[in-house]
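According to my numbering, the sequence shown holds residues 67 to 539 in order.
Beta carbons: idealized from backbone N, C-alpha and C, even for Gly.
Comments concern the structure below.
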Amino acid sequence: MTTQAATLDSQLGTAVPSQDEILGHPKGLFVLFFTEMWERFSYYGMRALLVLYMTKYLLTGAEGGTMQIAGYGAVKALIVWLAGLFGQHGELSTQAISSQIYGLYTGFVYFTPFFGGILADKVFGQRKTVYVGAILMAIGHFLMASEAMFFPALLFLILGNGCFKPNISTQVGLLYKDGDPRRDSAFTIFYMGINLGAFFSPLVCGTLGQTVGWHYGFGAAGVGMLVGLLVYHFGKHLLPPDRMMRMEAAHAERKSEPLTKDEWRRILALVFLCIVNIVFWAVYEQQGNTLQLWADANTNWNFFGWEVPSSWYQSFNPAFIFLFAPLLDRYWAARAKVGKTSTSTTKMGIGCILLGVAFVIMIFASKVVGPTEKGSLMWLVTTTWLFTMGELYLSPIGLSLVTKVAPARMVSMMMGMWFLSSFFGNYLSGAIGGYYDTMSKDAFFTLLTVMGIASGLIFFAANKPLKKSIGTA
67 MTTQAATLDS QLGTAVPSQD EILGHPKGLF VLFFTEMWER FSYYGMRALL VLYMTKYLLT
127 GAEGGTMQIA GYGAVKALIV WLAGLFGQHG ELSTQAISSQ IYGLYTGFVY FTPFFGGILA
187 DKVFGQRKTV YVGAILMAIG HFLMASEAMF FPALLFLILG NGCFKPNIST QVGLLYKDGD
247 PRRDSAFTIF YMGINLGAFF SPLVCGTLGQ TVGWHYGFGA AGVGMLVGLL VYHFGKHLLP
307 PDRMMRMEAA HAERKSEPLT KDEWRRILAL VFLCIVNIVF WAVYEQQGNT LQLWADANTN
367 WNFFGWEVPS SWYQSFNPAF IFLFAPLLDR YWAARAKVGK TSTSTTKMGI GCILLGVAFV
427 IMIFASKVVG PTEKGSLMWL VTTTWLFTMG ELYLSPIGLS LVTKVAPARM VSMMMGMWFL
487 SSFFGNYLSG AIGGYYDTMS KDAFFTLLTV MGIASGLIFF AANKPLKKSI GTA
């Protein structure tokens, strides 16, 4: 690149000065690891309870009771209208409304990072924007203690995540110089931090919410967010200065220059990958929606007379990630040593295929377990293990690819665009989940299987063109 902006990025540098390492990586990686661990503890703790909270408590009262929830009338009207677009007409069940709310919430959580990325790139920088996001999310978790403030609480969580999510991930990439082969490995380690928090949160927040009181579970999620903020604050000296901080230190003037042809090519490649990525998240996010309902209604959780809270199901996925991410990382490293490195696009295609195959297990489960019966936990264990392996092939690889391909002056915005694909996927997940009560279970899970495998085939077909276009796909 020959533009002044590209030259400035080169002059400013992209990594922190050399510092002590842990496991071959800068100490700053582990500050981000534990910060994200606690933030994900708060998010997944709340998410584990969300559908159960709505279907078993918040939305089960008479209309007069639900109208005490601020904004409920407007939200319900929007949901009815959106459901009509997907062919669902007439009065919606509590499950269908809850599914739509879940889809909208988890979708918008991944919509706002695009704008949080712009805010960081253009105004505050990644460091300050992370602080803003963490504080907003803590407020949102504590507002969940009030039924009336349910939707304002979700709004705070959505806005806070938008500021936090893209900018914490971007700082992982900033720890390494361009071309550093440790970057993919760093994102896999970072991803383990995400899932360590996600593993413990249902055990803590889910148990408190289902056995003590819903609001205790949500409160525990808020405490987790505050702990994450403290970890970030006291470890910030180990983190790279963001681009805004480096520009201020160099007294460089902020200018907006046209994108080069190469930058446009890279951006368009990322846009394409994000579009295909939508389908993956639409299927994957059923684990917090319809699979959680299956876990609650059609799974036997009785262990030697003790009824385990069904929300513990949400710990399966992160537990598998924590167990298998290091093994997969070693497998990829071994392949790289013998010159058999797969492209990022190929890995992502494999991830989608594994996701689709996972739901074949649930097709069989739906034929074996009757509508009112409780079946073996192994149906969920096997399904979740398979789509978790698919996730490991797609999600951390995609995060790493964004930091490698995106222009340096807009890397946070492009990270936000990556998460934007999760917005559409999560909303689509909620819309699809609305059919869980109206379709036969085997037909519902067949639909998910087809969607996963089809998206994988698209990734495979795009591999060569993308590699030729941007070189690192």
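Measuring only the C-alpha atoms, how far is residue i from residue j?
| i | j | result |
| --- | --- | --- |
| GLU323 | SER432 | 56 Å |
| ALA214 | ALA136 | 5 Å |
| ILE463 | LEU443 | 30 Å |
| PHE284 | MET483 | 29 Å |
| VAL468 | LEU336 | 7 Å |
| GLN424 | TRP451 | In the sequence on display, residue 424 carries Ala and not Gln. Rounded to the nearest angstrom, the two C-alpha atoms are 8 Å apart. |
| ASP503 | LEU262 | 33 Å |
| ILE524 | GLY415 | 7 Å |
| GLN134 | GLY199 | 28 Å |
| LEU389 | VAL447 | 14 Å |
| PHE100 | ALA264 | 12 Å |
| LEU296 | ARG106 | 15 Å |
On a Cα-Cα basis, can you pick out the residue from the options that is closest to residue i?
| i | options | result |
| --- | --- | --- |
| GLY183 | GLY499, SER506 and ALA474 | ALA474 |
| TRP372 | THR277, THR454, PHE222 and PHE216 | THR277 |
| SER487 | PHE369, TYR379 and VAL345 | VAL345 |
| GLU384 | GLY90, PHE453 and VAL404 | Strictly speaking, residue 384 in this sequence is Pro, with Glu absent from that position. Closest option to PRO384, Cα to Cα, is PHE453. |
| VAL426 | MET479, VAL342, ILE519 and LEU394 | ILE519 |
| GLY294 | LEU95, PRO307 and SER108 | SER108 |
| LEU269 | GLN380, TYR493 and GLY491 | GLN380 |
| PHE217 | HIS299, LEU125 and SER535 | LEU125 |
| LEU46 | GLY94, LYS194, GLN358 and ARG396 | Not covered by the structure: residue 46. The range shown for the chain is 67 to 539. |
| VAL349 | GLY417, ASN366 and GLU329 | GLY417 |
| PHE208 | ALA286, GLN192 and GLY150 | ALA286 |
| SER410 | TRP398, LYS327, LYS403 and LEU421 | TRP398 |
| TYR257 | SER461, CYS271 and GLU439 | SER461 |
| VAL238 | LEU296, PHE190 and PRO307 | PRO307 |
| MET476 | THR407, GLY456 and MET310 | MET310 |
Can you tell me which of the three DSSP states residue i falls into?
| i | result |
| --- | --- |
| PRO247 | coil |
| ILE184 | helix |
| PHE265 | helix |
| ASN529 | helix |
| ARG306 | Note on identity: in this sequence residue 306 is Pro, with Arg being the wrong assignment. Three-state DSSP puts PRO306 in coil, outside helix and strand. |
| PRO462 | helix |
| GLY436 | coil |
Can you tell me which residues form a DSSP beta bridge with residue i?
| i | result |
| --- | --- |
| PHE369 | TRP372 |
| PRO324 | The partner list for PRO324 (beta bridge, DSSP) is empty, contrary to what the question assumes. |
| HIS91 | ILE88 |
| GLY441 | THR365 |
Determine the contact status of residue i and residue j, defining contact as a CB-CB distance below 8 Å.
| i | j | result |
| --- | --- | --- |
| ALA497 | GLY169 | yes |
| LEU241 | PRO92 | yes |
| VAL97 | GLY301 | yes |
| SER377 | ALA211 | no |
| THR515 | ILE419 | no |
| LYS231 | PRO179 | yes |
| VAL146 | LEU158 | yes |
| GLY290 | GLY111 | yes |
Should residue i be listed as close to the ligand ATP, given that the test is whether its C-beta is under 7 Å from any heavy atom?
| i | result |
| --- | --- |
| LEU116 | With respect to the ligand ATP, the structure offers nothing, as it holds no ligand at all. |
Step through the CB atoms of chain B and report whether any lies within less than 8 Å of the CB of residue i.
| i | result |
| --- | --- |
| GLY245 | Protein chains in the displayed structure number just one, and chain B is not present. |
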